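Inspection log for the structure reproduced underneath, given as structure tokens.
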Amino acid sequence: MKANEMESSTAAEFDADETYETVMHEDVENLLIDYYEVEHKVTDMKWKGAILDIEGYCYIKGIPLERYLNVKKWFVLMNDKDKTKKFVLEDIPIYNLSTDDYIQDEYMWAGFKSTINFSAVVANHTKPLPPGTYRTFLEIEATLGNKKKIIRKIPLGDIRRYLQDDFYSSKMEYYSAKSQSVHNLMVTYDKNSKSMLLKSTKLKDFNPSALYGDIKNKTEKPGAIYRFMRTKMFMILYYLFHLFPVRENRILFASDSRDEIGGNLKYVYEEMERQQLPYDYKFMFKENSFVKKSFFEIIRLAYYAATSKATLLEENYPMVSPLKIRKNTDLIQLWHGAGAFKKFGYSRLGQPGGPKINSKDHRNYTKAVVSSKNVVPQYAEGFDILEESILPLGIPRTDIFFDEAYKNEKRKELYDQYPFLKGKKVILFAPTFRGRGRKEAHYPIENLDFEKLYETFKDEYVFLFKLHFIVLNKVIIPHKYAGFFYDFTDYREVNDLLLITDLLITDYSSICFEYSLLDKPMLFFAYDVEEYISKRGFYYEYQSFIPGHLVKDSNQLIEKIQNKDFAQQKVKPFRDYFFDYQDGKASERVVNQLLKKLAD
């Protein structure tokens, strides 16, 4: 690629407000005096994936920095065309630095630190550093007593002591419905510029939606004929099958997120079997909604949905959403999440990633089951159905937390299957995904400091990852951390894992509701809480709502665990608010107060 082509393609990848800035600041009155000597040093630098943690000091001799308002500092990238992109450095007092260097008190605010994620630096901080080679600099702006400014830009300096074997390399990934890209980030030291060099190289970039129906499982992209069959033809068949009588004892269990019965559906079914009820059970399951149904399966689903007294779901089921539910039958939502945490459904109207105003999803439920009367208004709003259709009977799958025989059996089963869990305390890391839905779901695992967690807790704990099942990226565990970190993402029933968990770390996931029933400690690792609140929103004020401490980085996380500072006194009132019943009989209530009455 020619130089001018590189420049235009790079600039095009930046938003208008993020375009590379020129070196000189023409909007302020500058005093650029070469003989002002700059003292600076990087006192600590660490890479976690494509995330850089940097700390150091920088000051101009003879210009006091006794007040932090007198100084501004930036980390600067400069490409081959001398275009720059700047990242604000946080000013910190010199006594907070990791250095024994003597610095006079008049330069109190010479210190700086920052965390820069090169996987998300352009396009509103969502896309990786564009391909190219970048020199790195520090820039300092100091204000004089006469309010004039001195601005100096200096190379970062010799940082080779922070680069093992004189280089560092990592991947930068990006996920969206229309683009999956991987870049390589290479970090080296350049003796000529006396600074760190960053080189971004694009390894792949393609549109997964053009290739697959379901990106994660790489299922075939459905054609026009199949899309017609699963939408228009399915609806026609459903209404045609109204010619057949409703079977008063038929119950349909349906899910497009699992290939066998599980979750709330499983516990309701087992309770009906336990009571030996004379029902005719039908089951329609697929691993996910992008796995094709055969023509016969579409006919069967339409027939069973039209002739069953009740159809039970536990998540959104797009095929049945447009249906006008037949008179004297029910479409019952046994929602997979407990409580009410982050906003969902029609509570997000008008927000990015929220539903369209004319969406059919959820609105045809005749009944929905929730954990507490306190969350009825939130679910009525989220589903856009009447509050009287929301029944606070409890969450069937939480019954296991009150079944001592089940808990003991499941613990033994897990210890036998995974003997490395024995004799260790278990930390379960179970965050929700980032991105707007299944086609761009990911989790930036590099926000965790593997090395610090390993060195601090390897003797006492094991650390299990349980990412959301739709997350596209994988947890890559370096060999040197084997025996401490384990990836349990593919283990489907997370509630079973909670039974052996000593500390849960989550963020915005509803898993905190179930775990509260065990009265065990939790921490909330929410590195992006401000952004998440602004884009997604919660039903309650986040910091006062969560039953544990908020931590934003690995240092805070480690400190809380070491000090056993979990704010566990918040768990009981949280649990009591979100669970009307704590008796292990939710499945029984759903069957006795809901399903039995349908046949009466």
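Position one of the sequence shown corresponds to residue 1 (full-length UniProt numbering), numbered consecutively onward. Even glycine gets a Cβ: it sits at the ideal position worked out from N, Cα and C. All figures in this text were calculated on a predicted structure; none of them were measured in a lab.
>> So for Thr-126, helix, strand or coil by DSSP?
In response: coil
> Could you give the distance in angstroms between the alpha-carbon of Tyr-577 and the alpha-carbon of Gly-339?
Replying inline: Cα to Cα, Tyr-577 sits roughly 9 Å from Gly-339.
> Assuming Ser-181 and Asp-205 make a contact with CB atoms under 8 Å, what is their CB distance in whole Å?
Replying inline: 4 Å
>> On the CB-based measure, 16 or more other CB atoms within 10 Å of its CB, does Tyr-317 come out buried or exposed?
In response: Buried, since its Cβ has 16 or more Cβ neighbours within 10 Å.
>> Run through the DSSP bridge pairs and tell me what Arg-152 is partnered with.
In response: Ile-140
> Between the stretch 233-240 and the stretch 310-330, do at least 3 Cβ pairs fall closer than 8 Å?
Replying inline: Between the stretch 233-240 and the stretch 310-330 there are three or more C-beta pairs closer than 8 Å, enough to call the two in contact.
>> Quick check on the burial criterion: 16 or more other C-beta atoms within 10 angstroms. Buried or exposed for residue 601?
In response: The requested residue 601 does not occur in the structure, where the chain is confined to residues 1 to 600.
>> Which complete beta strand (DSSP E) runs does the stretch 363-430 hold, if anything under 3 residues is left out?
In response: 367-369, 425-429
>> By DSSP's criteria, Asn-117 is part of a beta bridge. Which residues make up the other side?
In response: Ile-51
> Taking the beta strand (DSSP E) that residue 615 falls in, what are its first and last residues?
Replying inline: The first residue shown for the chain is 1 and the last is 600, placing residue 615 beyond what the model contains.
> Any idea what DSSP makes of Lys-596, helix, strand or coil?
Replying inline: helix
> Any chance the stretch 560-576 sits against the stretch 506-518, with 3 or more Cβ pairs inside 8 Å?
Replying inline: yes
> Taking the C-alpha atoms as reference points, what is the distance between Tyr-527 and Leu-467?
Replying inline: 16 Å
> Are the beta-carbon atoms belonging to Ile-251 and Ala-306 less than 9 Å from one another?
Replying inline: no
> What residues in its chain sit with their C-beta under 7 Å from that of Asn-30, if we drop five residues either side in the sequence?
Replying inline: Summary for Asn-30: the model assigns pLDDT 45, below 50, so the residue's position carries little reliability, and this model does not support an answer.
> Expressed to the nearest angstrom, what Euclidean distance is found between the alpha-carbon atoms of Leu-89 and Leu-594?
Replying inline: Spanning the two alpha carbons is a distance of roughly 58 Å.
>> Can you list, in chain order, the residues of its chain with a C-beta nearer than 8 Å to that of Lys-373? Leave out the 5 residues immediately preceding and following it.
In response: Pro-392, Asp-580
> How would you label Asn-264, buried or exposed, when you count the other beta carbons within 10 angstroms and need 16 or more for buried?
Replying inline: Its Cβ being crowded by 16 or more others within 10 Å, Asn-264 is buried.
>> What would DSSP say about Glu-248, mapped onto helix, strand or coil?
In response: strand
>> Assuming contact is defined by CB atoms lying nearer than 9 Å, are Phe-118 and Ser-195 in contact in what I supplied?
In response: In this structure, Ser-195 does not lie closer than 9 Å to Phe-118 by Cβ.
> Which residues in the same chain as Phe-469 place their Cβ atom closer than 6 Å to its Cβ, once the five residues preceding and following it in sequence are excluded?
Replying inline: none
>> If contact is defined by three or more beta carbon pairs under 8 Å, each pair taking one atom from either stretch, is the stretch 542-556 in contact with the stretch 436-452?
In response: yes
>> Tell me which residues share the same chain as Thr-188 and place their Cβ nearer than 6 Å to its Cβ, disregarding the 5 neighbours each side in the sequence.
In response: Phe-167, Leu-197
>> Report the CB separation of Asp-384 from Arg-363 in whole angstroms; it is logged as a contact under 8 Å.
In response: The Cβ separation is near 5 Å, so the contact holds.
> Which residues in the same chain as Tyr-226 place their Cβ atom closer than 6 Å to its Cβ, once the five residues preceding and following it in sequence are excluded?
Replying inline: none
> Rounded to whole angstroms, how far is the Cβ of Val-38 from the Cβ of Ile-54, which I believe are closer than 8 Å?
Replying inline: The Cβ separation is near 17 Å, so there is no contact.
> Does the pairing of the stretch 423-430 with the stretch 490-503 give three or more beta-carbon distances under 8 Å?
Replying inline: Contact holds: three or more Cβ-Cβ distances are below 8 Å.
> In three-state DSSP terms, what is Asn-264?
Replying inline: Secondary structure of Asn-264 (DSSP, three-state): helix.
> Under the three-state reduction of DSSP, which class applies to Phe-484: helix, strand or coil?
Replying inline: coil
>> Excluding the 5 residues flanking Thr-456 on each side, which residues of the same chain have their C-beta closer than 6 Å to its C-beta?
In response: Ile-558
>> In the DSSP output, which residue or residues are listed as bridge partners for Trp-74?
In response: Val-88, Glu-139
> Skipping 5 residues on each side, what residues in its chain have a beta carbon closer than 6 Å to that of Lys-585?
Replying inline: Around Lys-585: no qualifying Cβ.
> Mapping DSSP to helix, strand and coil, what is Gly-111?
Replying inline: strand
> DSSP three-state call for Asn-358: helix, strand or coil?
Replying inline: coil
>> Once DSSP output is grouped into helix, strand and coil, what is the label at Ser-516?
In response: helix
> Of the residues Leu-163, Pro-64, Leu-323, which one's Cα is nearest the Cα of Phe-241?
Replying inline: Leu-323
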